[in-house]
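Student: Quick one: this structure, given as structure tokens, is what I'll be asking you about.
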Amino acid sequence: MEKELRFSTRAKNYPASGIRKMFNLAAEYAVKYDDMIKLTVGEPNFDTPNYIKQAAKQAIDDGQTHYCPNAGMPQLREAIAKKYQPYWNGYTKDHVLISVGAMEGLMLSMMALLNAGDEILVPDPCFPNYYGQAEMIGAVAAPVPTYEEFDYRMQAADVEKALTPNTRAILLNSPCNPTGAVLSKEDVLAIAEIVRKHDLWVLSDEPYDAIVYDGSRPFSIAEVPEIRDHVFVLNSFSKTYAMTGWRVGYLLAPETGYITKMAQLQEGVASCVSTFSQVAATEALKSTECVTQMVADYTRRRDILIDGINAIPGFSCKKSAGSFYAFANIKAFGKSSQEFAEELLEKIHVVVVPGSAFGKMGEGYLRLVFANSDENLKEAVQRISTYVAEAYPNMK
Ligand SMILES: Cc1ncc(COP(=O)(O)O)c(C=O)c1O
């Protein structure tokens, strides 16, 4: 008989990830088949640029292998503050904390700002970890539906409807995982007005801010002076510089005192981020050439995937304005997104994530990652196209 493990209520309540479920299923298939195409993993398929790797190697040789201050290395904090000066020229290094990816920045800011029972509004569909993170501190993530007709951009009217007496914060994620939505300046200003009126915190999770298409630049809520005191920005090197495994992210606060407190929390969570990773991140910021190149490749890949699936009967997919995710509507097939994702895995060995893994509003959609090679994306489109023609001959 299996031994009963005695977890805390919090651990028991931690939500199981729907993305993980698909990964595990795909892993079972991968043992049997060697032709799987995985459009699931939310990370760049590029290797970290060489100049960044060189900086890390040099840092290790130079003995940068010890603890550093909880808030991060001064030179990196300084460089980030400089990068954000166009948002607000008051940002200094003391407004910046270096975190273990944006993930830990999110966690630290929730820990610092929310109490048990507080609600934080999140977009639906969204990055599912927001729910687990809120759960870990006894807070509640409450969904704000986002709609395909608005290109999945969160609308102020829907935020207003989701408010309750317990609402303390709102989480924005533009560009958005999983929908690729980028909030317009008008969207942001309308939400900012609600933030002001109801005195809410804003956690603006922006790890895809550099991965945008068609010349659009995401407008950050940190650029709205009237609510500056409410806004915390979370960002990271993971996606922009293809550095997911280095675990370097950062958080910007509107007052240095928040950073002092969060650095204390950091002491109990991770102490600090790996020092040679921070040296490499400082070097990364010195150039954006590699980012421009990667975005050019993502642009082509977005078109291969989205134009390709839009030509398949039953599929319809908006062009993602940012990120490397496509969010395809599959409602015409009349199946749940989990069933349809499993069908594609089983029949044609193409792995995608069911939209339902990202929230109730994701039902009827699939998330496909186009951070993959041109060849794989073309092959995936071809397989789906052939399969749909055979299995759904009457689909229009
Ligand atoms: C929306 C969003 N926020 C935050 C993260 C965390 O990224 P990291 O901790 O690697 O910076 C991710 C990663 O997939 C993400 O998609």
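Numbering (the working numbering), first residue to last: 139 to 534. We put the CB at the ideal spot given by N, CA and C, even for glycine.
Pull up the distance between the alpha-carbon of Lys323 and that of Ser358, whole angstroms please.
Tutor: On the sequence shown, residue 323 is found 185 positions in, with the first residue counted as 1. On the sequence shown, residue 358 is found 220 positions in, with the first residue counted as 1. Looking at the two C-alpha atoms, the distance is approximately 8 angstroms.
Student: Would you say Gly387 touches ligand 1, meaning its beta carbon is less than 7 angstroms from a heavy atom?
Tutor: For the purposes of this step, residue 387 is identified with residue 249 of the sequence shown, where counting begins at 1. Result yes, Cβ under 7 angstroms from ligand 1.
Student: Run through DSSP, which three-state label would Phe462 get?
Tutor: As a working note, residue 462 is residue 324 in the sequence shown. Residue state, collapsed to three classes: coil.
Student: Please work out which residues of its chain come closer than 6 angstroms, Cβ to Cβ, to Arg385, disregarding the five sequence neighbours upstream and downstream, and give them in chain order.
Tutor: What you label residue 385 is simply residue 247 of the sequence shown in a count that begins at 1. Same-chain partners within the cutoff: Val238 and Gly239.
Student: Cβ of Gly502 within 8 angstroms of Cβ of Lys469?
Tutor: Your numbering for residue 502 matches position 364 in the sequence shown. Your numbering for residue 469 matches position 331 in the sequence shown. A contact, by the Cβ cut-off of 8 angstroms.
Student: What residue from Ala328, Gly318, Ala319 and Val369 has the CA that sits closest to Cys297's CA?
Tutor: Here residue 297 refers to the residue found at position 159 of the sequence shown. Before going on, a small fix: residue 297 reads as Val here, not Cys. Of the candidates Ala328, Gly318, Ala319 and Val369, the one whose C-alpha sits nearest the C-alpha of Val297 is Ala328.
Student: Are the beta-carbon atoms belonging to Ala360 and Tyr225 less than 8 angstroms from one another?
Tutor: Stepping through the sequence shown from its first residue, residue 360 is reached at position 222. Stepping through the sequence shown from its first residue, residue 225 is reached at position 87. It is a contact, given that the beta carbons lie within the stated cut-off.
Student: Between Glu181 and Gly387, which are expected to be in contact by the criterion C-beta below 8 angstroms, what is the C-beta distance as a whole number of angstroms?
Tutor: Your numbering for residue 181 matches position 43 in the sequence shown. Your numbering for residue 387 matches position 249 in the sequence shown. Not quite, the Cβ-Cβ distance comes to about 14 angstroms (not below 8 angstroms), so this is no contact.
Student: Residue range of the beta strand (DSSP E) that Gly387 falls in?
Tutor: Looking up residue 387 in the sequence shown gives position 249. Its beta strand (DSSP E) spans residues Gly387 to Leu390.
Student: Is Thr437 near ligand 1, with its Cβ less than 7 angstroms from a heavy atom?
Tutor: Taking the sequence shown and counting its residues from 1, one reaches residue 437 at position 299. The answer is no for Thr437.
Student: Any chance you could list the beta strand (DSSP E) runs of at least 3 consecutive residues sitting entirely within the stretch 341-377, in chain order?
Tutor: Fully enclosed beta strand (DSSP E) runs of 3 or longer: 369-374.
Student: Alpha carbon to alpha carbon, how far is Arg439 from Ile397?
Tutor: Start at 1 with the first residue of the sequence shown, and residue 439 comes out as number 301. Start at 1 with the first residue of the sequence shown, and residue 397 comes out as number 259. If you take the alpha carbons of Arg439 and Ile397, they lie about 39 angstroms apart.
Student: Return the first residue and the last residue of the beta strand (DSSP E) that Val282 is part of.
Tutor: Working through the sequence shown from its first residue, we reach residue 282 at position 144. Taken as a continuous stretch (DSSP letters only), the beta strand (DSSP E) holding Val282 covers Val278 to Pro283.
Student: At a cut of 8 angstroms, does the stretch 411-421 reach the stretch 430-437 through at least three beta carbon pairs?
Tutor: As far as the Cβ criterion goes, the stretch 411-421 does not touch the stretch 430-437, which means the pair count is below three.
Student: On the premise that Phe496 lies in contact with Ala464, defined as a C-beta separation below 8 angstroms, what is that separation, rounded to the nearest angstrom?
Tutor: The residue given as residue 464 occupies position 326 in the sequence shown. The residue given as residue 496 occupies position 358 in the sequence shown. Contact flag wrong, Cβ pair sits at about 13 angstroms.
Student: Cutting at 6 angstroms between CB atoms, please list the residues of its own chain near Val491, excluding the five before and the five after it.
Tutor: Within the sequence shown, numbered from 1, the residue matching residue 491 stands at position 353. Within the same chain, Val491 has close Cβ partners Ile157, Met160, Thr178 and Arg505.
Student: Roughly how many angstroms separate the alpha carbons of Leu483 and Val489, rounded to a whole number?
Tutor: As a position in the sequence shown, residue 483 is number 345, starting the count at 1. As a position in the sequence shown, residue 489 is number 351, starting the count at 1. Rounded to whole angstroms, Leu483 to Val489 spans 5 angstroms at the Cα level.
Student: Can you give the Cα-Cα distance for Val320 and Glu364, rounded to whole angstroms?
Tutor: As a working mapping, residue 320 is identified with position 182 in the sequence shown. As a working mapping, residue 364 is identified with position 226 in the sequence shown. If I take the Cα positions, the gap works out to 21 angstroms.
Student: Which residues bound the beta strand (DSSP E) around Arg505?
Tutor: Translated into the one-based positions of the sequence shown, residue 505 becomes position 367. Taken as a continuous stretch (DSSP letters only), the beta strand (DSSP E) holding Arg505 covers Tyr503 to Val507.
Student: His487 and Tyr171 look like a contact to me (Cβ under 8 angstroms); what is the Cβ gap, rounded to whole Å?
Tutor: Translated into positions along the sequence shown, residue 487 becomes position 349. Translated into positions along the sequence shown, residue 171 becomes position 33. Rounded, the Cβ-Cβ distance is 5 angstroms, consistent with contact.
Student: Does the Cβ of Phe145 have 16 or more other Cβ atoms within 10 Å, making it buried, or fewer, making it exposed?
Tutor: The sequence position of residue 145 within the sequence shown is 7, counting from 1. By the 10 Å Cβ count, Phe145 comes out exposed.
Student: Is Ser475 helix, strand or coil by DSSP?
Tutor: In the sequence shown, counting from the first residue as 1, residue 475 sits at position 337. The answer is helix: DSSP assigns Ser475 an H, G or I state.
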